[in-house]
């Protein structure tokens, strides 16, 4: 009985770590959706590009410095974020601006083809082999009363909390954050009030690129392999964004953590005790999603839209 | 009162059908590798049947489906099991299997009564994943992830084997499907679909039973996709769950949107455009690139595909059908066209 308890609590903690990454990816989806009503299908690919860029920086710095230290990882992180800013800005120019007055569907399709392009480019540059990402913390773990937690997981949860609180502060307290909220509420009215809607949209794309890059950096050492299929993980964060209610930042976080915990627990303890759970391991997320949507069609925290006729 | 098709030119339809029937002979006389072209055209034909159904669902009724590959899979696996393991004849399976896929459409139609927009897209995407996983789970009949060999179709004592035979089988069905799609779109049902797409509230106020017509839309579109699945299974002779990837479902919706959602011909054009682009033109461009640059990565193919799609959407956001409409208006008012409107 006690061993079952420790097993489950260990899985829950590791699930929370995985879920925080999902939550960050979902946050990227939510940001863009909130501001422009575009579902960015390339979010997973943005994450992949971020992870690859970070990997490139880390290996370059390590080979030029000759040794690996935490500072190198920090500098690589800063480099990747600078890259993400440039990347998000370019994406806004390439996708968002030309398709400004077109139907939403066109923009969504543009993001789908962008995801195809990004996967192809990364595969061409990085080659067919999977890369081995380096974790700054190695395989170190700490033990709390029989529960083994890897330091990487703690780091992931910690950075997710920091990022989310930064975003919360930004959205609710700063000028630009409030401008962003106004834009997502009603772009035309926001423009009339003198908010530079175009610049706000650019900012949203930049932010979501940054979030994607950071989630990629956090996810890569956890997956222990880095290749282009990482882009598909973005699709796994989709249910997270939807579960909480598309367009709600708190919802994305709660949804991500719920899904992460469900996934790890079902893969671990549940599969061990019930044979049939193994069959539905990779779809359990979707089953939960559909069940929730059947009861609450706008997600857990989504606001029901009242339509005027 | 005006007849149903009175405002359209119909005389070119027999010409088009004749062209479709003669196309294999033209290809044979034109190229040596006509078999490959036939293969590509067959694939396009199967996808056309599916996208016509998807267009009725997404284009006409406005319900997004990102899991249509699942219906294709259901049709394909049902037919393969019915014909090869239960010993039912192909013709009867051609009727039963689409119905079963349609019933699954009913099932997914239930949540669609409450869930709308992107949430529905995600629900159908999840449905796609679940079906794929269930197919693997029922490994007694489906052989799990290993795939299933399927026999050739036998129609009225005649075994359909070569690409040539397949072409005629598939394109007969394609013509029937397009006809059925057009007929549906112009009927009371089609008008109800469009009313639901434009405004659910207004449609309900005008006496359209929302639940009934939404379920019907899913049923019909599942029927078309199941039909395509039967043809897919029996003409490709081998099916596995890898054939029904999530990406395929996204490709389907791209086909409909590139063609221009809400028009049956648009769906046909879009499907032909994407399939031919993917299988004929992209390899051509790839060869051309190889002639002056040495790349050995296979990814250049998807890069070209993605780039063409991307540029197409940036410069023609309304799709092929919208392009065609613009051209038509351009020629109608030819000498007097204001320059600005047609950029």
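Chains as they are written, first to last, in the working numbering: chain A, 1 to 309; chain B, 1 to 343.
No residue lacks a Cβ here, since even glycine has one placed at the ideal position from N, Cα and C.
Proximity test, Cβ basis, 8 Å: residue i and chain B
i, result
"residue 56 (chain A)", "no"
"residue 119 (chain A)", "yes"
"residue 159 (chain A)", "no"
"residue 286 (chain A)", "yes"
"residue 280 (chain A)", "yes"
"residue 61 (chain A)", "no"
"residue 275 (chain A)", "no"
"residue 27 (chain A)", "no"
"residue 112 (chain A)", "yes"
"residue 221 (chain A)", "no"
"residue 242 (chain A)", "yes"
"residue 294 (chain A)", "yes"
"residue 102 (chain A)", "yes"
"residue 289 (chain A)", "yes"
"residue 90 (chain A)", "no"
"residue 195 (chain A)", "no"
"residue 262 (chain A)", "no"
"residue 208 (chain A)", "no"
Residue-chain proximity (residue i, chain A), Cβ-Cβ < 8 Å
i, result
"residue 321 (chain B)", "no"
"residue 299 (chain B)", "yes"
"residue 24 (chain B)", "no"
"residue 114 (chain B)", "yes"
"residue 292 (chain B)", "no"
"residue 270 (chain B)", "no"
"residue 119 (chain B)", "yes"
"residue 62 (chain B)", "no"
"residue 194 (chain B)", "no"
"residue 277 (chain B)", "no"
"residue 123 (chain B)", "yes"
"residue 215 (chain B)", "no"
"residue 222 (chain B)", "no"
"residue 309 (chain B)", "yes"
"residue 206 (chain B)", "no"
Alpha-carbon spacing of residue i relative to residue j, whole angstroms
i, j, result
"residue 273 (chain B)", "residue 48 (chain A)", "30 Å"
"residue 35 (chain B)", "residue 163 (chain B)", "7 Å"
"residue 57 (chain B)", "residue 301 (chain A)", "28 Å"
"residue 236 (chain B)", "residue 292 (chain B)", "36 Å"
"residue 1 (chain B)", "residue 62 (chain B)", "Low confidence applies here, because residue 1 (chain B) scores a pLDDT of 47, under 50, leaving its location unreliable and the question unanswered by this model."
"residue 203 (chain A)", "residue 45 (chain B)", "44 Å"
"residue 294 (chain A)", "residue 23 (chain B)", "48 Å"
"residue 323 (chain B)", "residue 268 (chain A)", "53 Å"
"residue 141 (chain A)", "residue 151 (chain A)", "5 Å"
"residue 331 (chain B)", "residue 321 (chain B)", "15 Å"
"residue 123 (chain A)", "residue 300 (chain B)", "9 Å"
"residue 41 (chain B)", "residue 168 (chain B)", "11 Å"
"residue 31 (chain A)", "residue 72 (chain A)", "30 Å"
"residue 312 (chain B)", "residue 75 (chain A)", "39 Å"
"residue 296 (chain A)", "residue 224 (chain B)", "30 Å"
"residue 272 (chain A)", "residue 130 (chain A)", "30 Å"
"residue 174 (chain A)", "residue 180 (chain A)", "10 Å"
"residue 187 (chain B)", "residue 208 (chain B)", "14 Å"
"residue 333 (chain B)", "residue 325 (chain B)", "13 Å"
"residue 278 (chain A)", "residue 67 (chain B)", "23 Å"
Residue i: contacting residues in chain D (beta-carbon distance under 8 Å)
i, result
"residue 99 (chain A)", "You won't find chain D in this structure, because its protein chains are A and B."
| message | Can you pull out the residues from the stretch 130-160 of chain B whose beta carbon lies closer than 9 Å to at least one beta carbon of chain A? | response | 130, 132, 133, 134, 136 and 137
| task | Using a Cβ-Cβ cut-off of less than 7 Å, give me the residues of the stretch 92-112 of chain B that come near chain A, in sequence order. | result | 111
| Going along the chain, which unbroken runs of the alpha helix (DSSP H) with 4 or more residues stay wholly within the stretch 155-195 of chain B? | DSSP runs (the alpha helix (DSSP H)) wholly in the stretch 155-195 of chain B: 163-185.
| task | Evaluate the contact criterion for the stretch 111-121 of chain A versus the stretch 37-54 of chain A: three or more CB pairs, one atom per stretch, below 8 Å. | result | yes
| Of the residues that make up the stretch 143-156 of chain A, which ones have a beta carbon closer than 8 Å to any beta carbon in chain B? | Hits within the stretch: zero.
| task | Only counting runs of 3 or more residues, tell me where the beta strand (DSSP E) segments fall wholly within the stretch 29-68 of chain A, in order along the chain. | result | Listed in chain order, nothing qualifies, since the stretch 29-68 of chain A has no complete beta strand (DSSP E) run of 3 or more residues.
| message | To test your reading of the DSSP string, which unbroken alpha helix (DSSP H) runs of 4 or more residues are found completely within the stretch 224-250 of chain A? | response | 233-243
| Between the stretch 215-235 of chain A and the stretch 244-258 of chain A, are three or more C-beta pairs nearer than 8 Å? | No: fewer than three Cβ pairs fall under 8 Å.
| Three-pair Cβ contact test at 8 Å for the stretch 248-259 of chain B versus the stretch 82-90 of chain B | No, the stretch 248-259 of chain B is not in contact with the stretch 82-90 of chain B.
| query | When Cβ atoms are compared, which residues of the stretch 243-268 of chain B fall closer than 8 Å to chain A? | reply | 246, 250, 254, 257, 258 and 261
| Is the number of C-beta pairs between the stretch 95-107 of chain B and the stretch 71-81 of chain B that are closer than 8 Å three or more? | yes
| In chain order, which alpha helix (DSSP H) runs of at least 4 residues are fully inside the stretch 250-284 of chain B? | 264-276
| query | Should the stretch 166-177 of chain B be regarded as contacting the stretch 222-237 of chain B, the criterion being three or more beta carbon pairs within less than 8 Å? | reply | yes
| field | Inside the stretch 194-256 of chain B only - alpha helix (DSSP H) runs reaching at least 4 residues | value | 200-205 and 210-236
| query | Are there three or more Cβ pairs, one per stretch, closer than 8 Å when the stretch 12-20 of chain A is compared with the stretch 186-198 of chain A? | reply | no
| message | Taking 8 Å as the cut-off, does the stretch 119-135 of chain B touch the stretch 286-293 of chain A (at least 3 CB pairs, one atom from each stretch)? | response | yes
| query | Quick one, which residues of the stretch 243-259 of chain A are near chain B if we go by CB-CB under 8 Å, in chain order? | reply | 246
| When the Cβ atoms of the stretch 82-102 of chain A are set against those of the stretch 198-216 of chain A, are three or more pairs found closer than 8 Å? | The count of Cβ pairs closer than 8 Å, one atom from the stretch 82-102 of chain A and one from the stretch 198-216 of chain A, reaches three, so the stretches are in contact.
| task | Check whether the stretch 213-221 of chain A touches the stretch 72-87 of chain A, counting contact only when three or more Cβ pairs, one atom from each stretch, lie closer than 8 Å. | result | yes
| message | Count Cβ pairs between the stretch 271-286 of chain B and the stretch 186-204 of chain B that sit closer than 8 Å; are there 3 or more? | response | In this structure the stretch 271-286 of chain B does not lie against the stretch 186-204 of chain B, because fewer than three pairs of beta carbons, one per stretch, are closer than 8 Å.
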